[in-house]
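Novice:
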Amino acid sequence: MTSSLLALQPIVCGKTRSHRAYEALARFPGPNGLRGPYDALRDGQWAALDREMLKHLRDWTRLGNRRNSPLFINLSAETLANDDDFEAWLEDFDAFQAADQTPVTLEVSEFVDDDLLDRRWPKLAALSHGIALDDFGARFASLDRLKGYPWAICKFECASLDAPATQEAMTFCRRRGIQQVVERIESSNDAARASGVDLHQGYHYGRPQAVAIDYNVRKVGEA
């Protein structure tokens, strides 16, 4: 696996554009700039990437960098599926949290099936300040899944906001107090479409920016 870079993308208040959180994302150098993991990884490499991202965060923190906002961290199906990989990830997560007490929300991939989520949920819930359902409407991230677990956050794609299932899910979130994030907001028109949701994320507010290991998050756009 090509060595990854740590990138941070802001999650903002849709009304004020103030930064409320950051998502930690993996990026890889490519001929036309940075690319995401789906363009860089093969099956069997996701668990190693999950651990590498925690190492980046831990090393970055140990050099004195700090965030003033909560952090979203992604967790792949491959890490959750294998007991050895999951235990190794837990050790790395504990080491990161020992260095940095920033509140963490864990984003569960839409590729995690129901049996696997059932098996890992108690441990994940004990670790974090909340679990986020990522990419509602994709693969296993269904309305039944949203209703079946005590999610703290649900993330929606901007392009799907008018879909009946998304509208039903958003109504359910409001009734249950589940915080909502609209992703892939790339224009002012997208932002207007998502105006009824508090938290926004996307290129309109800031691209994921790779940080050097001694780079302070304030230099990547913190308000």
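Here the sequence shown stands for residues 2 to 224, numbered as in our numbering.
Where is the CB? At the ideal position from N, CA and C, for every residue including glycine.
#1: Report the rounded CA-to-CA distance for Arg-52 versus Ala-89, giving the unit in angstroms.
#2: So Gln-181 and Phe-157 are in contact, right, with Cβ under 8 Å, and what is the actual spacing, rounded?
#3: On a Cα-Cα basis, can you pick out the residue from Thr-17, Tyr-39, Leu-117 that is closest to Asn-83?
#4: Taking only runs of the beta strand (DSSP E) that begin and end inside the segment 70-135, which ones reach a length of at least 3 residues, in chain order?
#5: Lys-148 by DSSP, collapsed to three states: which one?
#6: So, with DSSP's three-state summary, where would you put His-201?
#7: Can you give me the Cβ contacts of Ala-139 inside the same chain, cut-off strictly under 6 Å, excluding the 5 residues immediately before and after it?
#8: Would you check if there are 3 or more beta carbon pairs closer than 8 Å linking the segment 7-15 to the segment 199-214?
#9: Counting only runs of 3+ residues fully inside the segment 15-52, write out the beta strand (DSSP E) ranges in chain order.
#10: Which of the three DSSP states is assigned to Glu-169 in this structure?
#11: Kindly give me the distance between the Cβ atoms of Leu-76 and Leu-107, rounded to whole angstroms, as I take these residues to be in contact under 8 Å.
#12: So for Arg-139, helix, strand or coil by DSSP?
#13: Could you tell me whether the segment 152-166 touches the segment 127-137, where touching means 3 or more Cβ pairs closer than 8 Å?
#14: Among all the DSSP beta bridges, which residues are the ones paired with Ile-12?
#15: Run the CB neighbour count on Gly-207, radius 10 Å, all protein chains shown included, and call it buried at 16 or more, exposed below.
#16: Relative to the C-alpha of Ala-25, which residue among Leu-81, Arg-59, Ser-143 is closest?
#17: Are the beta-carbon atoms of Ser-87 and Thr-80 separated by less than 8 Å?
Specialist: From the atom records:
#1: As a first step, residue 52 is located in the sequence shown; it is residue number 51 there, counting from the start. As a first step, residue 89 is located in the sequence shown; it is residue number 88 there, counting from the start. Cα-Cα distance, rounded: 8 Å.
#2: In the sequence shown, residue 181 corresponds to position 180, counting from 1. In the sequence shown, residue 157 corresponds to position 156, counting from 1. Correct: roughly 7 Å between the Cβ atoms.
#3: Along the sequence shown, read from residue 1 onward, the residue named residue 83 stands at position 82. Here the closest residue by C-alpha is Leu-117.
#4: 72-76, 105-109, 132-134
#5: The count along the sequence shown starts at 1 and reaches residue 148 at position 147. Helix, per DSSP.
#6: As a working mapping, residue 201 is identified with position 200 in the sequence shown. Three-state DSSP puts His-201 in a strand.
#7: On the sequence shown, residue 139 is found 138 positions in, with the first residue counted as 1. Cβ within range, chain order: Glu-111.
#8: yes
#9: 20-31, 34-36
#10: Within the sequence shown, residue 169 is the residue found at index 168, counting from 1. Correct three-state label for Glu-169: helix.
#11: Taking the first residue of the sequence shown as position 1, residue 76 is located at position 75. Taking the first residue of the sequence shown as position 1, residue 107 is located at position 106. Sure, about 5 Å apart at Cβ, within 8 Å.
#12: Counting from 1 along the sequence shown, the entry for residue 139 is found at position 138. In the sequence as displayed, the identity of residue 139 is Ala instead of Arg. Correct three-state label for Ala-139: coil.
#13: yes
#14: On the sequence shown, position 11 is the one that residue 12 refers to. In DSSP, Ile-12 forms a bridge with Ala-22.
#15: The residue labelled residue 207 in the question sits at position 206 within the sequence shown. By the 10 Å Cβ count, Gly-207 comes out buried.
#16: The sequence position of residue 25 within the sequence shown is 24, counting from 1. Nearest of Leu-81, Arg-59, Ser-143 to Ala-25, Cα basis: Arg-59.
#17: As a first step, residue 87 must be located in the sequence shown, where it is residue number 86. As a first step, residue 80 must be located in the sequence shown, where it is residue number 79. Checking the displayed sequence, the identity of residue 87 turns out to be Phe instead of Ser. Yes, the Cβ-Cβ distance between Phe-87 and Thr-80 is below 8 Å.
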